[in-house]
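A.B. asks:
Protein chains: 6
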Amino acid sequence: MAKPTILVVSGHAADFCSRSGGTIAKYVREGCRVQIIALTFGERGESAYYWAQNPNSTIEAAKVQRKKEALAAAEVLGAEIDFCDYDDHPLIMTGERITELAMRIQDIRPDIVLTHWHHDPVNVDHGVTSSVVIRALSCASVPGLQPGVKPHPLPDVFFFESSVPHTEFNEFRIDTYVDITETQAIKLEALSKFTSQPFLAEWYTKYAEHRGHQAGNWTQRTIKYAEGFKRYTPYVGSFFPLSER
Amino acid sequence: MAKPTILVVSGHAADFCSRSGGTIAKYVREGCRVQIIALTFGERGESAYYWAQNPNSTIEAAKVQRKKEALAAAEVLGAEIDFCDYDDHPLIMTGERITELAMRIQDIRPDIVLTHWHHDPVNVDHGVTSSVVIRALSCASVPGLQPGVKPHPLPDVFFFESSVPHTEFNEFRIDTYVDITETQAIKLEALSKFTSQPFLAEWYTKYAEHRGHQAGNWTQRTIKYAEGFKRYTPYVGSFFPLSER
Amino acid sequence: MAKPTILVVSGHAADFCSRSGGTIAKYVREGCRVQIIALTFGERGESAYYWAQNPNSTIEAAKVQRKKEALAAAEVLGAEIDFCDYDDHPLIMTGERITELAMRIQDIRPDIVLTHWHHDPVNVDHGVTSSVVIRALSCASVPGLQPGVKPHPLPDVFFFESSVPHTEFNEFRIDTYVDITETQAIKLEALSKFTSQPFLAEWYTKYAEHRGHQAGNWTQRTIKYAEGFKRYTPYVGSFFPLSER
Amino acid sequence: MAKPTILVVSGHAADFCSRSGGTIAKYVREGCRVQIIALTFGERGESAYYWAQNPNSTIEAAKVQRKKEALAAAEVLGAEIDFCDYDDHPLIMTGERITELAMRIQDIRPDIVLTHWHHDPVNVDHGVTSSVVIRALSCASVPGLQPGVKPHPLPDVFFFESSVPHTEFNEFRIDTYVDITETQAIKLEALSKFTSQPFLAEWYTKYAEHRGHQAGNWTQRTIKYAEGFKRYTPYVGSFFPLSER
Amino acid sequence: MAKPTILVVSGHAADFCSRSGGTIAKYVREGCRVQIIALTFGERGESAYYWAQNPNSTIEAAKVQRKKEALAAAEVLGAEIDFCDYDDHPLIMTGERITELAMRIQDIRPDIVLTHWHHDPVNVDHGVTSSVVIRALSCASVPGLQPGVKPHPLPDVFFFESSVPHTEFNEFRIDTYVDITETQAIKLEALSKFTSQPFLAEWYTKYAEHRGHQAGNWTQRTIKYAEGFKRYTPYVGSFFPLSER
Amino acid sequence: MAKPTILVVSGHAADFCSRSGGTIAKYVREGCRVQIIALTFGERGESAYYWAQNPNSTIEAAKVQRKKEALAAAEVLGAEIDFCDYDDHPLIMTGERITELAMRIQDIRPDIVLTHWHHDPVNVDHGVTSSVVIRALSCASVPGLQPGVKPHPLPDVFFFESSVPHTEFNEFRIDTYVDITETQAIKLEALSKFTSQPFLAEWYTKYAEHRGHQAGNWTQRTIKYAEGFKRYTPYVGSFFPLSER
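Protein chains in written order, with our numbering: chain S, 27 to 271; chain W, 27 to 271; chain A, 27 to 271; chain C, 27 to 271; chain G, 27 to 271; chain X, 27 to 271.
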């Protein structure tokens with residue numbers, strides 16, 4: 027089988043990295059193409075430290091800073107990143123924006139899509155991103171979206187971690203753990219690029235340890251760091267996918 | 027009691043027929059008025075064969091073709107059909123469109139409303155249609171929508187089949203089966219009018235047999251073809267509605 | 027169609043009457059056979075007034091009193107009643123008891139079964155009754171329960187009201203209302219026989235009014251008294267069962 | 027601790043009063059500030075009597091009347107009220123409106139937020155209000171909504187009663203009862219100001235009795251009138267909050 | 027990795043074959059050990075044809091016949107089978123029986139466990155089997171069940187198809203499809219051994235086609251026959267398990 | 027109000043301490059009576075280290091050891107503890123045992139009951155304990171359980187943490203956090219008494235930090251250690267219970 031192409035749709039500029047940076051780095055190491063689409067720069071919601079340091083700055087300046095950070099982080103991971111600049115808090119997705127996203131999907135033709143878990147009342151943009159990705163995938167799968175362009179059937183879709191630390195409140199229920207022990211260092215380096223959110227490394231290391239603890243408990247072996255996901259589309263294959271023990 | 031009036035709200039041009047064509051034909055035979063409203067022509071999502079045959083066609087031409095097909099199918103069933111031409115994939119319902127639909131409901135004054143099941147991630151337009159019909163019914167039931175026009179209280183609402191074959195994925199849970207054995211032939215004739223979707227007859231015959239098998243299993247008799255629905259509004263009556271055995 | 031036979035399985039001695047007495051009386055008026063099975067006398071849980079009046083009484087004496095009351099109530103309604111005497115609070119259903127109940131079902135051959143809603147943490151016996159009725163119906167539907175006795179396929183099953191006034195806490199969700207205005211007086215007379223529970227008439231009149239209010243609101247007409255039920259098995263028929271407006 | 031500030035977001039002009047008027051009056055008596063925001067005047071959906079009396083009136087005239095009523099009711103309760111005039115049935119919330127509401131939240135800085143339960147198919151505006159309040163709270167909690175303005179973290183949020191009498195249909199599940207016996211008279215006086223909805227006093231007295239009955243049943247004491255709520259955000263404290271018995 | 031050992035726990039004599047016979051045969055072909063445990067012979071519930079042909083037979087004679095059939099079917103599949111003879115309809119699992127099952131698990135040490143979906147009101151024994159397998163796995167994972175015997179941590183657990191044709195009623199939601207096209211012929215031969223249930227081949231061929239249709243629809247390729255499962259324990263691995271396209 | 031009495035029902039010997047030890051110590055400090063009932067000694071499931079050290083020991087000897095540990099831990103917390111010795115893995119609750127527990131409840135007359143969350147497939151005894159406590163509370167609330175003994179109405183019930191680290195898998199959703207920073211040291215000392223489970227201190231410190239992090243995030247202040255609970259019975263009071271900020 028050809029190496030899979032991965033599309034990661036991130037509501038804000040840093041979500042792709044904090045939730046799935048370790049997994050992205052693993053696929054990149056395998057030689058896969060990973061394309062990230064950030065719907066917004068997270069200029070309002072994700073930039074606490076930036077605003078603390080620059081209380082008189084502007085939204086536009088914040089966007090410039092966030093873009094710089096996200097580009098650097100993606101580069102560390104070895105992934106490409108595009109920005110939609112749709113404005114966050116609240117992220118509003120119109121029909122035109124859904125269509126744009128659907129056309130991007132038809133262009134990228136991903137085998138795997140990663141995006142947010144759909145329920146996240148603490149950070150509603152995340153849930154909006156999730157449902158709009160499903161909607162865009164649905165649109166990308168039909169023949170008349172772009173007559174003459176081949177429709178792209180639904181790939182394997184996985185949802186990543188909702189707003190930490192409120193994962194139980196958000197009813198996030200993991201059924202797939204990826205062991206990221208070997209790429210955790212790369213992920214940390216990528217996270218360090220988000221200077222507007224200096225706490226990311228600590229928080230998400232704690233979460234990666236927590237998920238590693240859970241994953242290791244299921245398989246009775248030591249897993250230092252893991253990322254947790256919820257599979258959305260069914261698995262179809264010749265045999266059951268068995269956990270590595 | 028007077029013969030009930032039935033309103034069927036269909037997200038795309040063919041949904042009404044594939045999901046409830048047999049039931050529609052039965053009510054028409056009883057002398058009931060059946061009014062169909064198609065929110066879109068399904069020009070993008072439902073016209074796979076059309077686009078395969080006419081790769082250089084336009085959306086407008088596809089709409090013309092779809093309208094012709096849907097009109098022919100409605101005629102076979104004996105129902106009227108109106109088209110909103112709202113564009114599909116994605117179907118976007120604005121406040122104005124909801125109000126238009128609510129006013130149509132106040133005009134038609136249906137005793138029964140049929141529409142899509144609300145959860146259909148494979149075809150998100152279906153879920154949008156479902157929730158917008160509930161919303162329009164809510165608006166149609168209030169006195170100030172059109173001052174001077176009598177509000178129309180919520181009728182008996184039933185949801186029809188979600189995207190086949192993924193009915194379990196869509197969590198569609200039938201609680202009402204209508205035996206369509208006697209009108210299955212008419213339904214097939216109506217389905218044959220959708221030349222842009224030549225597979226409809228085969229797929230929905232299979233599903234009608236499947237639903238018939240289930241319905242027959244519950245009642246311990248042979249039911250060759252059935253359509254399955256989920257009741258939404260409560261039943262109110264003098265006695266329990268009992269299955270026919 | 028022949029007149030339907032109704033089986034009502036009541037966890038305690040009075041449940042059948044307080045939750046479905048009005049409906050029972052209606053079916054009896056139509057000439058139907060209604061058979062009640064009370065799994066316990068409710069001697070511990072349902073006899074507050076009895077114990078207040080007879081603090082030094084015994085469980086056996088309480089059972090005698092409860093049986094007298096339930097017999098009188100059933101007679102008022104025009105239904106037959108049998109008692110299993112399984113002891114309440116906690117009601118424990120063994121394999122033998124499930125089999126006994128299944129054999130009774132094969133003997134009665136009901137077209138309609140009424141029993142408790144399955145979730146009732148305030149009165150757990152109710153939930154036990156509900157799940158055990160489903161289990162006994164499952165057993166009664168198989169050929170080898172009593173070789174030589176015809177199995178009885180699942181009839182139309184409806185759950186009645188859970189512990190009042192905590193119906194929302196118990197997640198009871200009505201989808202079927204029966205208008206009992208014409209038999210409310212008979213129901214009240216039957217309830218008056220339960221002298222160990224003198225508050226029944228007041229509570230359940232209030233609830234019948236509440237349910238009537240809801241039922242009337244759905245159908246835009248005045249329904250003075252109603253009983254609310256949740257349908258369990260699907261409806262199968264030639265047309266939709268429509269609310270009476 | 028300083029006295030808490032309460033924000034009540036009401037979909038229509040009278041919702042705040044019918045669902046939480048007794049609770050509002052209690053907090054006002056304690057010296058708390060209670061600020062109400064009515065997203066619409068309920069000119070279409072809530073003004074049945076007005077339209078019956080003034081069949082030839084206009085939407086604008088209805089709004090004037092509704093505003094007068096709501097102002098009078100708020101004054102009786104001792105609360106302030108602002109109106110957004112967003113039009114009801116259907117209430118449509120754009121990104122701009124969400125941002126406005128979020129800015130109001132940052133300005134008011136509430137310790138408690140009361141709004142609608144999120145599921146209310148009979149009156150969809152209610153559910154829209156609920157989800158939009160959560161979204162606005164999410165936006166109000168981020169640093170970049172209004173650079174230079176302190177973000178407001180999520181307060182304690184409670185949902186009030188959905189459309190009566192269909193609370194079970196709407197899956198409203200109360201976990202918090204407030205005893206309003208002492209302010210029921212004030213609430214009734216406030217409700218009497220809504221002359222376009224003369225039935226409010228009777229309906230909501232019945233519901234306050236019903237909720238009082240439930241609350242009293244849980245605590246084994248007489249509670250004449252209560253209002254029921256569903257807590258949304260978790261409780262955090264030094265000990266468990268214990269019911270008053 | 028060593029070849030996985032598979033344990034299949036079947037409520038009745040034929041369940042293992044009708045729901046997972048194709049998958050079993052595939053694992054056997056790969057050289058895996060597959061051990062089946064049948065809790066009962068299904069002598070009451072699964073032997074309709076037997077009782078029709080032998081109306082005067084006994085439960086014991088039915089068991090003998092069923093055992094013969096199940097042994098023959100297991101042999102065709104290439105799997106071992108043991109019988110607990112616990113009596114069906116109703117299947118009652120005591121503490122002793124749970125412990126016995128847990129000890130068998132510690133003995134077999136499976137990497138994969140297949141058993142029933144947990145919700146199956148039409149055939150309650152199935153749900154009992156499901157929950158009791160989870161309970162036995164929990165017991166088998168602790169050190170003191172059999173001091174001196176190594177506990178067996180939870181393996182990868184998958185639930186197979188609930189009672190057909192009522193899979194939507196039973197809320198069975200597949201997330202894992204196994205393509206059994208290459209072993210469908212073996213499965214059919216195995217099913218033919220159950221002469222007490224001559225309809226199995228037809229019903230389960232239809233279901234395997236239905237599941238194949240769904241699986242093929244997800245992966246856009248032709249899958250003639252498939253079996254559907256619901257994963258229970260999370261997947262833990264180095265990468266996502268991707269569908270075969 | 028008199029100081030509340032707390033009853034903690036623990037499936038195994040150490041559950042009360044690991045999940046609610048900090049909260050227990052706080053109530054004890056306030057002068058409250060805290061009574062623990064341990065249904066089993068956890069001799070099979072909770073004693074991994076004991077069995078590793080004493081591979082040739084017996085169940086009886088393990089029980090003696092576990093009892094010693096639990097007594098010492100309860101003493102550190104300042105609580106009383108009783109043991110039912112019902113045997114764990116699997117814990118089987120008969121009607122007699124439920125009645126015994128109900129009689130103990132009528133004797134203790136708790137204002138607060140703490141027990142397990144109801145869903146815990148990794149450790150099914152926990153869920154059994156939870157449901158049986160609800161059942162015993164239901165039995166304890168009726169007049170005829172022990173004629174002459176005053177029934178005890180349902181107190182405020184809270185569920186504590188399910189099997190860590192699988193709290194999301196177990197769908198445990200916290201709505202009440204108790205800050206245990208001031209008693210964490212006592213809890214640790216108590217946990218140290220469970221020498222058969224030497225890992226408890228580390229695991230539950232990590233969890234108390236995690237819950238503290240969540241609780242602090244909701245209230246925007248530093249909470250070093252917390253325990254998380256799910257309220258079961260509704261809160262009834264004069265005002266809303268507000269989080270301490």
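The C-beta atom is built at its ideal place from N, Cα and C for all residues, glycine as well.
Only a predicted model underlies this, so the values are computations on that prediction, with no experimental measurement involved.
1) Helix, strand or coil, according to DSSP, for Ser164(X) in the structure here?
2) Is the separation between the beta-carbon of Asp200(S) and that of Ile32(S) shorter than 8 Å?
3) Spell out whether any CB of chain C is found under 8 Å from the CB atom of Gly121(W).
4) Given Tyr53(G), which residues of its chain have a CB within under 6 Å of its CB, disregarding the five upstream and five downstream residues?
5) As a quick exercise: from Ser164(S), Gln132(S), Val35(S), pick the residue whose alpha carbon is nearest that of Gly153(S).
6) If you reduce the DSSP assignment to three classes, tell me which class Gly263(X) lands in.
7) Kindly indicate the opening and closing residues of the alpha helix (DSSP H) around Gln210(S).
8) Quick one: which chain S residues come within Cβ less than 8 Å of Arg257(W)?
9) Starting from the C-beta of Cys58(C), find all residues in its chain whose C-beta is less than 8 Å away, skip the five residues before and the five after it, and write them out in chain order.
10) How do the stretch 146 to 164 of chain X and the stretch 96 to 113 of chain X stand: do at least 3 beta-carbon pairs fall below 8 Å, yes or no?
11) Any Cβ of chain G within less than 8 Å of the Cβ of Val148(S)?
12) Can you grab the Cα-Cα spacing for the pair Lys250(A) / Glu235(A), in whole Å?
13) What does DSSP give as the partner residues of Thr202(C) in its beta bridges?
14) Touch check for the stretch 212 to 227 of chain S and the stretch 166 to 177 of chain S: three-plus C-beta pairs under 8 Å?
15) Quick one: what's Ile134(S) bridged to in DSSP?
16) CA-CA distance, Pro81(S) and Arg92(S)?
17) Whole angstroms are fine: how far does the CA of Ala252(A) sit from the CA of Leu140(A)?
18) Relative to chain G, which residues along the stretch 233 to 266 of chain X have a C-beta separation below 7 Å, given in chain order?
19) Please decide whether Arg70(W) counts as near chain S, where near means a Cβ-Cβ distance under 8 Å.
20) Could you tell me whether the Cβ atoms of Phe184(X) and Glu194(S) are closer together than 8 Å?
21) Short check: CB of Ala40(S) to CB of Gly71(S), under 8 Å?
22) Can you list the residues of chain S that Pro191(W) reaches, using a CB-CB cut of under 7 Å?
23) Whole angstroms is fine: what's the gap from Ser157(X)'s alpha carbon to Ser157(A)'s?
24) Assuming contact is defined by CB atoms lying nearer than 8 Å, are Ala51(G) and Leu97(G) in contact in what I supplied?
25) Return the Cβ separation of Arg237(C) and Gly254(C) in integer angstroms, given the expectation that the two are a contact with Cβ distance under 8 Å.
26) If you check the beta carbons only, do Lys219(A) and Ala78(A) fall under 8 Å apart?
27) As a quick exercise: from Leu65(W), Lys232(W), Glu215(W), pick the residue whose alpha carbon is nearest that of Glu101(W).
28) The beta strand (DSSP E) with Ile107(X) in it runs from where to where?
29) Go ahead and pull the three-state DSSP assignment for Val54(W).
30) Does the separation of the CB atoms of Ala87(A) and Ser73(A) fall below 8 Å?
31) Go ahead and label Gln246(W) buried or exposed: buried means 16 or more other beta carbons lie within 10 angstroms of its beta carbon, across all protein chains shown.
32) So the candidates are Glu56(X), Arg55(X), Ala64(X); which of them puts its Cα closest to the Cα of Cys43(X)?
33) Is it buried or exposed, Val168(S), if we count other Cβ atoms within 10 angstroms and call 16 or more buried?
34) When DSSP builds the beta bridges, which residues end up paired with His142(A)?
35) Using DSSP with H/G/I as helix, E/B as strand and the rest coil, what is Ala28(A)?
C.D. replies: Judging by the given coordinates:
1) The sequence position of residue 164(X) within the sixth sequence is 138, counting from 1. If DSSP states are grouped into helix, strand and coil, Ser164(X) belongs with the helices.
2) If you number the first sequence from 1, residue 200(S) lands on position 174. If you number the first sequence from 1, residue 32(S) lands on position 6. The amino acid at residue 200(S) is misidentified as Asp; the sequence shows Ile. No.
3) On the second sequence, position 95 is the one that residue 121(W) refers to. Yes - at least one Cβ of chain C is within 8 Å of the one on Gly121(W).
4) As a working note, residue 53(G) is residue 27 in the fifth sequence. Closer than 6 Å at Cβ, skipping near neighbours: Ile32, Val60.
5) What you label residue 153(S) is simply residue 127 of the first sequence in a count that begins at 1. Of the candidates Ser164(S), Gln132(S), Val35(S), the one whose C-alpha sits nearest the C-alpha of Gly153(S) is Val35(S).
6) As a first step, residue 263(X) is located in the sixth sequence; it is residue number 237 there, counting from the start. Residue state, collapsed to three classes: strand.
7) Position 184 of the first sequence holds residue 210(S). Start and end: 210 to 217.
8) The residue you call residue 257(W) lines up with position 231 of the second sequence. Residues of chain S passing the Cβ test: none, with the nearest at roughly 26 Å.
9) Here residue 58(C) corresponds to residue number 32 of the fourth sequence, with the count starting at 1. Result list for Cys58(C): Lys29, Pro30, Thr31, Ile32, in chain order.
10) no
11) Within the first sequence, the letter at position 122 stands for residue 148(S). Closer than 8 Å: no.
12) Translated into positions along the third sequence, residue 250(A) becomes position 224. Translated into positions along the third sequence, residue 235(A) becomes position 209. Using only the alpha carbons, I get a separation of about 6 Å.
13) Locating residue 202(C) in the fourth sequence gives position 176, where the first residue counts as 1. Paired residue(s): Phe255(C), Tyr261(X).
14) The stretch 212 to 227 of chain S makes no contact with the stretch 166 to 177 of chain S, as fewer than three CB pairs between them are under 8 Å.
15) For the purposes of this step, residue 134(S) is identified with residue 108 of the first sequence, where counting begins at 1. DSSP output for Ile134(S) lists no bridge partner at all.
16) The count along the first sequence starts at 1 and reaches residue 81(S) at position 55. The count along the first sequence starts at 1 and reaches residue 92(S) at position 66. Cα to Cα, Pro81(S) sits roughly 16 Å from Arg92(S).
17) On the third sequence, residue 140(A) is found 114 positions in, with the first residue counted as 1. On the third sequence, residue 252(A) is found 226 positions in, with the first residue counted as 1. Cα to Cα, the separation comes out at about 16 Å.
18) none
19) In the second sequence, the residue the question calls residue 70(W) occupies position 44. So yes, Arg70(W) belongs to the interface.
20) Here residue 184(X) refers to the residue found at position 158 of the sixth sequence. Here residue 194(S) refers to the residue found at position 168 of the first sequence. Cβ distance not < 8 Å, so Phe184(X) and Glu194(S) don't count as in contact.
21) Against the first sequence, residue 40(S) aligns to sequence position 14. Against the first sequence, residue 71(S) aligns to sequence position 45. No, Cβ-Cβ distance for Ala40(S) and Gly71(S) is not below 8 Å.
22) Translated into positions along the second sequence, residue 191(W) becomes position 165. Listed by position along chain S, the residues whose Cβ is nearer than 7 Å to that of Pro191(W) form an empty set, because the closest Cβ is around 12 Å away.
23) Reading the sixth sequence from its first residue, position 131 is the one you call residue 157(X). Reading the third sequence from its first residue, position 131 is the one you call residue 157(A). Those two C-alpha atoms are separated by around 15 Å.
24) Locating residue 51(G) in the fifth sequence gives position 25, counting from the first residue. Locating residue 97(G) in the fifth sequence gives position 71, counting from the first residue. No; because the gap between Cβ atoms is not below 8 Å, this pair is not in contact.
25) Within the fourth sequence, numbered from 1, the residue matching residue 237(C) stands at position 211. Within the fourth sequence, numbered from 1, the residue matching residue 254(C) stands at position 228. Between Gly254(C) and Arg237(C) the Cβ distance is about 5 Å, and since that is below 8 Å, they are a contact.
26) One-based indexing of the third sequence puts residue 219(A) at position 193. One-based indexing of the third sequence puts residue 78(A) at position 52. Cβ atoms of Lys219(A) and Ala78(A): not closer than 8 Å.
27) By 1-based counting over the second sequence, the position of residue 101(W) is 75. For the residues Leu65(W), Lys232(W), Glu215(W), the minimum Cα distance to Glu101(W) belongs to Glu215(W).
28) Translated into the one-based positions of the sixth sequence, residue 107(X) becomes position 81. Segment 106 to 109, the beta strand (DSSP E) holding Ile107(X).
29) In the second sequence, residue 54(W) corresponds to position 28, counting from 1. Helix.
30) Locating residue 87(A) in the third sequence gives position 61, counting from the first residue. Locating residue 73(A) in the third sequence gives position 47, counting from the first residue. Cβ distance not < 8 Å, so Ala87(A) and Ser73(A) don't count as in contact.
31) The sequence position of residue 246(W) within the second sequence is 220, counting from 1. With fewer than 16 other Cβ atoms within 10 Å, it is exposed.
32) On the sixth sequence, residue 43(X) is found 17 positions in, with the first residue counted as 1. Among Glu56(X), Arg55(X), Ala64(X), the Cα nearest to that of Cys43(X) belongs to Ala64(X).
33) Position 142 of the first sequence, counting from 1, holds the residue named residue 168(S). Burial call: buried.
34) As a working mapping, residue 142(A) is identified with position 116 in the third sequence. Looking at the DSSP assignment, His142(A) forms a beta bridge with Phe186(A).
35) Here residue 28(A) is taken as the residue at index 2 of the third sequence, counted from 1. Reduced to three states, the DSSP call for Ala28(A) is coil.
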